[in-house]
Structure formats: C-alpha cells, structure tokens
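Notes follow once the structure below has been shown.
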Amino acid sequence: MIRNGLYARHKKIYCKFWEADNMYVLQTDYNEELLSKGFKKYDDIELKNKVYKEVTFNDIESAFEVSTYCTYKGFKFFIEDILDTGFYRIRPLAEAQIHFKDYDRHGYDPVYEVEEIELEEKWEERTPIDEFVFDVEPIVILK
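Position one of the sequence shown corresponds to residue 1 (the working numbering), numbered consecutively onward.
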C-alpha cells in the first residue's frame, strides 16, 4: 500500500482524512471491528471496501501529510500508485528530470512504470499539519 495525502490517528487507528462541513471525515479500509467504533459503511458499491466516520478536531489524536518516495536508478522519485499489474507508477523529481532529460511540458508529465525490484529504496516523508499534534516519525523507511 502506498500512502499519499492527509492522515490522522483516531483511537489508535490511522485513516485518510479531510475537512467537510466543520467536521473531519476519516476513511480507512473496511474491518468489521471498526463498525463497533462508530465507523460506517458506504452505500456506494465502489467504496464497499472502505469505512468512514465523522469526527471533531478534538477527536483527532495526531495528523500529518505523507508523501511516498523511492530511489530509482540513483535518483529520487515520487511514488504515485501501485497498479493492478503490480508495477509502481513513479514520477521523477527535478534532479531526475534533468538527468533523464525528461521534463514536464505542455500537458506532458514524465511518468514511469517499474517493478518493485527496480526500486533501490522506498520511504514515507511525513510533515506536520498546522494546529494538529505531530507525534510520528518524520521519515519511515519501507525498503
């Protein structure tokens, strides 16, 4: 699983989250046990594997933004997703774009699809979100 975006901890459970109507919506993978903790199933069939819960600011124990990166051929790339094929979709950062002479231009975004074995390292970078407690490791090595 690749994590990118805003994450919050609520009752020791890490969830994606966003603000909506002066509340915060937490979302995570479906688990029967979470229903007893106030999480609800979605009606939408496309979200059948997810649950959500609306909470207040005070219900969030910690929050941070996470971006997942890797080293590929010696350069830093942003990991966007893992595809159904098992390949990783990665985007080169500035130094890699210069090295590979593959730049953003006129609607073209350089993107690569690679196997995990081709990635030298993988890690998450976590940054604080204003006004929320930040009590997690800022960098977590995944590979």
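Note that beta-carbon positions come from the ideal geometry of N, C-alpha and C, so glycine has one too.
Query raised in the report: Roughly how many angstroms lie between the CA atoms of S62 and Y14, to the nearest whole one?
Result: Rounded to whole angstroms, S62 to Y14 spans 9 Å at the Cα level.
Query raised in the report: If we call anything under 8 Å between Cβ atoms a contact, is T71 one with E121?
Result: A contact, by the Cβ cut-off of 8 Å.
Report task. Please report the Cβ distance between G38 and K53, rounded to the nearest whole angstrom; I am assuming they are in contact, meaning their Cβ atoms lie under 8 Å. Result -> Going by Cβ atoms, the distance from G38 to K53 rounds to 5 Å, so yes, they are a contact pair.
Query - Among P92, H10, K16, nearest to N4 - alpha-carbon criterion - result: Minimum Cα distance to N4 is reached at K16.
Query - Three-state secondary structure (DSSP) of I60 - result: Secondary structure of I60 (DSSP, three-state): coil.
Requested in this report: Return the chain-ordered list of same chain residues with a C-beta closer than 8 Å to the C-beta of E145, the five sequence neighbours on each side being excluded.
Outcome: With the chain covering 1 to 143 only, the question about residue 145 has no answer from this structure.
Requested in this report: Kindly indicate the opening and closing residues of the beta strand (DSSP E) around I90.
Outcome: Looking at the DSSP string, the run of the beta strand (DSSP E) that includes I90 is 88 to 92.
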